[in-house]
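Peer 1:
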Amino acid sequence: MVALIVTMPASIAREFVTLPPQITAVYGRLGTGRVQMVGGYSLSWDVDARALLRLRLRYDVSLEGPDTLLVGAASVSPWAIEVSELTGRAGAGLLVLTPDVLVESCSSRAVVDVQMLRLTRDAAAADGRVSIDAGSCIDAAGRQQTVPQMTVDMLTQGGDAVAILTDLGGQLARITLAGDRRLIIRVEPEGATLVPGLPTSGPLILEYPL
Numbered sequence: 664m665v666a667l668i669v670t671m672p673a674s675i676a677r678e679f680v681t682l683p684p685q686i687t688a689v690y691g692r693l694g695t696g697r698v699q700m701v702g703g704y705s706l707s708w709d710v711d712a713r714a715l716l717r718l719r720l721r722y723d724v725s726l727e728g729p730d731t732l733l734v735g736a737a738s739v740s741p742w743a744i745e746v747s748e749l750t751g752r753a754g755a756g757l758l759v760l761t762p763d764v765l766v767e768s769c770s771s772r773a774v775v776d777v778q779m780l781r782l783t784r785d786a787a788a789a790d791g792r793v794s795i796d797a798g799s800c801i802d803a804a805g806r807q808q809t810v811p812q813m814t815v816d817m818l819t820q821g822g823d824a825v826a827i828l829t830d831l832g833g834q835l836a837r838i839t840l841a842g843d844r845r846l847i848i849r850v851e852p853e854g855a856t857l858v859p860g861l862p863t864s865g866p867l868i869l870e871y872p873l
């Protein structure tokens, strides 16, 4: 059954889900294929045939673009969804893939080294780091914003996956993917200054069910 699925055309996804507007074309099959996205970016995947023997879908994946090259693996089973060994560089041009982004351009770059991101039925886990270079961004109104050197440390706390954004002065934001399927974002006043329009009078806490 799994082998049959991976031989289907990748375009069949249009029959079951509404693809985001950032995707402009779909090529290949569910086993091996590629999607083309705005800004010259593309996401490619190639199924690991050995994993099919264990009734598991595991893909080698790569995200490429003018300023980006990320490679890693993604796996799906009845018990978990996992991304592993995701490494490479990511450019600020990826912001064009984010809906409603208010940034026109950025000079910052990031080095990605994420060993594991996992979501099961009742738990989440993470292990990795993203290092962001200092630079500057220009928002939709033409205002320039300085971006400090920052790191995103990913770790597991109990049944939750946590990402902590810090600069040399301390913690700027904390994102928690809780095992009970909640996404909790806490932005400190120092972190809010990096996003035009966010209140800086105190911590901003947002929570979304997944």
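Take the sequence shown: its letter number 23 is residue 686 in my numbering, and every next letter is one higher. For glycine and all other residues, C-beta sits at the position ideal for the given N, C-alpha and C.
Please return the same chain residues whose Cβ sits closer than 6 Å to the Cβ of L861, not counting the five positions on each side in sequence.
Peer 2: So the qualifying residues of the chain are A855.
Peer 1: With a floor of 3 residues, list each beta strand (DSSP E) that falls wholly inside the segment 793 to 829, ordered by position along the chain.
Peer 2: Runs of the beta strand (DSSP E) inside the segment 793 to 829: 798 to 802, 807 to 810, 813 to 820.
Peer 1: Nearest-angstrom Cα distance between G833 and Q808?
Peer 2: One C-alpha to the other measures close to 19 Å.
Peer 1: Does the CB of V825 have a neighbour CB from chain B at under 9 Å?
Peer 2: In the displayed structure, chain B is absent; only one protein chain is listed.
Peer 1: Nearest-angstrom Cα distance between R692 and A753?
Peer 2: Near 26 Å, if we compare the C-alpha coordinates of A753 and R692.
Peer 1: On the criterion of 16 or more Cβ atoms from any shown chain inside 10 Å, does W894 qualify as buried, or is it exposed?
Peer 2: Residue 894 lies beyond the stretch modelled for the chain, which goes from 664 to 873, so this question has no answer here.
Peer 1: Nearest CA to the CA of A646: which residue from A773, L782, V775, V858?
Peer 2: There is simply no residue 646 to check, as the chain begins at 664 and stops at 873 in what is shown.
Peer 1: Which of the three DSSP states, helix, strand or coil, is assigned to E851?
Peer 2: Note: E851 maps to coil in three-state DSSP.
Peer 1: Quick check on R845: does DSSP put it in helix, strand or coil?
Peer 2: R845: strand per DSSP, three-state reduction.
Peer 1: Does the segment 774 to 792 come close enough to the segment 719 to 729 to have 3 or more Cβ pairs within less than 8 Å?
Peer 2: Segments in contact, no.
Peer 1: For the beta strand (DSSP E) that P872 lies in, which residues bound it at each end?
Peer 2: Its beta strand (DSSP E) spans residues 867 to 872.
Peer 1: Restricting to Cα atoms, I'd like to know which of I827, M813, Q778 is closest to S799.
Peer 2: Among I827, M813, Q778, the Cα nearest to that of S799 belongs to M813.
Peer 1: Under the three-state reduction of DSSP, which class applies to L782: helix, strand or coil?
Peer 2: Here L782 sits in strand by DSSP.
Peer 1: Along the chain, where does the beta strand (DSSP E) that runs through V724 open and close?
Peer 2: Counting along the chain, the beta strand (DSSP E) containing V724 begins and ends at 720 to 728.
Peer 1: Going by the C-beta, is T829 closer than 8 Å to any heavy atom of the ligand MN?
Peer 2: By its list of ligands, the structure shown contains no ligand whatsoever, and the ligand MN lies outside what it can speak to.
Peer 1: What are the residues that DSSP puts in a beta bridge with D776?
Peer 2: D776 pairs with T750, R792.
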